[in-house]
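Here is the structure we will look at.
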Amino acid sequence: MKKIAVCGKGGVGKTTFTSLLAWCLAEQGREIYAIDADVNPTLAEALGFPPEVVKEIRPIIDMTDLIEERTGAKSGEYGSYFKTNPSVKDIPEKFSRNIKNIHFLMMGAMRGADQGCACAENAMLRALVTHLILREKETVIMDMVAGTEHMGRGTAKGVDAMFLVVEPGTRSIKAAREIGKMAGDLGIQNKYVIGNKIRSPGDEAFLKKEIGDMVLAGFLPLNEEVLTAERQSRSLYESSAEMRGIIQKIVQDLKI
Ligand SMILES: Nc1ncnc2c1ncn2[C@@H]1O[C@H](COP(=O)(O)OP(=O)(O)O)[C@@H](O)[C@H]1O
Ligand SMILES: [Mg+2]
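Residue numbering for the sequence shown follows this note's numbering, starting at 3 and increasing by one per position.
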């Protein structure tokens, strides 16, 4: 699997899971693009970039000059003309930061996509996601917000797997079900649930029951090593043998 989306309700552990998966696949020698498409971008920290580097990274969606140059529109100007298919093929190389063979790109989240906002920024992000998904060489892992708003039907077909991260509560499961349904409607076939912040066998049983016919890929424990890694600005994959073992097994079982 080469094109992977990670979705779910805010705070469930999407970024934590994305960082583990990115490091695990990178360790196999694969070239990874790790994309942060969340409104609260924290993937750079989670991957283990030092704070002074993180501070300098700006999301593509805020690069108004670049967006203007590529789309022909003044960013944010409602109703003005802009290109819906801007050229983006140089952007991954130009704007990514690397740790080993992980190329990190802070893309940002779509603006007002739920209200159907068709602004130049969104056109830019959509073009970028499409480009990344259609590129053959690299493995792309996208840490997303709730849904599939970065994708059109054609693009979604190129997504090999969507991970829906949930925690053992009803709200995140409801969100996962809704996102999973949208993704299915768009043509994303493989959807896997990751149960995060598991405290007990009871949590596992609860999740198994609640997710119904969605496919369970694995459980990650509620683990204080997550916070320790954050405080030390280290990647969780590097600092937790337990988490490393779990993600390696998931990767192996699903043949990611
Ligand atoms: N398995 C876990 N054990 C302990 N804390 C966790 C775990 N997973 C996530 N967290 C914590 O929960 C918070 C949200 O996680 P994050 O991965 O940023 O979620 P999301 O990207 O879905 O918003 C973070 O502060 C993180 O440290
Ligand atoms: Mg996040």
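Using N, Cα and C, we set each Cβ at its ideal position, and we do this for glycine too.
Distance between residue j and residue i (C-alpha atoms, nearest Å)
i, j, result
"residue 71", "residue 132", "19 angstroms"
"residue 246", "residue 237", "11 angstroms"
"residue 102", "residue 25", "10 angstroms"
"residue 144", "residue 50", "17 angstroms"
"residue 196", "residue 98", "27 angstroms"
"residue 177", "residue 67", "35 angstroms"
"residue 122", "residue 43", "21 angstroms"
"residue 207", "residue 37", "32 angstroms"
"residue 239", "residue 21", "7 angstroms"
"residue 241", "residue 211", "32 angstroms"
"residue 110", "residue 147", "10 angstroms"
"residue 235", "residue 47", "7 angstroms"
"residue 29", "residue 221", "21 angstroms"
"residue 96", "residue 258", "27 angstroms"
"residue 205", "residue 243", "22 angstroms"
"residue 113", "residue 86", "15 angstroms"
"residue 140", "residue 93", "15 angstroms"
"residue 12", "residue 136", "27 angstroms"
"residue 106", "residue 83", "31 angstroms"
"residue 256", "residue 230", "29 angstroms"
"residue 156", "residue 185", "12 angstroms"
"residue 73", "residue 39", "20 angstroms"
"residue 127", "residue 154", "12 angstroms"
"residue 1", "residue 125", "The requested residue 1 is not part of the displayed model; the chain covers only 3 to 258."
"residue 17", "residue 9", "9 angstroms"
"residue 35", "residue 225", "26 angstroms"
"residue 166", "residue 199", "14 angstroms"
"residue 172", "residue 215", "16 angstroms"
"residue 183", "residue 57", "36 angstroms"
"residue 218", "residue 168", "10 angstroms"
"residue 252", "residue 7", "15 angstroms"
"residue 175", "residue 32", "32 angstroms"
Residues sharing a beta bridge with residue i, DSSP
i, result
"residue 5", "142"
"residue 100", "105"
Residue i (DSSP reduced to helix, strand or coil)
i, result
"residue 224", "coil"
"residue 219", "strand"
"residue 213", "coil"
"residue 38", "strand"
"residue 83", "coil"
"residue 253", "helix"
"residue 248", "helix"
"residue 44", "coil"
"residue 11", "coil"
"residue 128", "helix"
"residue 233", "helix"
"residue 243", "helix"
"residue 89", "coil"
"residue 95", "helix"
"residue 33", "coil"
"residue 121", "coil"
"residue 111", "coil"
Beta carbon proximity, residue i to chain B, threshold 8 angstroms
i, result
"residue 94", "Reference to chain B is not applicable here, since this structure consists of a single protein chain."
Q. Does the stretch 183-197 touch the stretch 152-167, meaning 3 or more C-beta pairs lie closer than 8 angstroms?
A. Taking one beta carbon from each stretch, the stretch 152-167 and the stretch 183-197 have 3 or more pairs nearer than 8 angstroms; the two touch.
**Q.** Contained alpha helix (DSSP H) runs [length at least 4] in the stretch 51-78, N- to C-terminal order
**A.** The qualifying runs are 53-56, 66-73.
Q | Any alpha helix (DSSP H) of 4 or more consecutive residues that is wholly inside the stretch 134-211 | A | DSSP runs (the alpha helix (DSSP H)) wholly in the stretch 134-211: 155-158, 172-188.
Q.
Does the contact criterion of 3 or more C-beta pairs under 8 angstroms hold for the stretch 58-67 versus the stretch 178-189?
A. With the cut-off at 8 angstroms, the stretch 58-67 and the stretch 178-189 do not touch.
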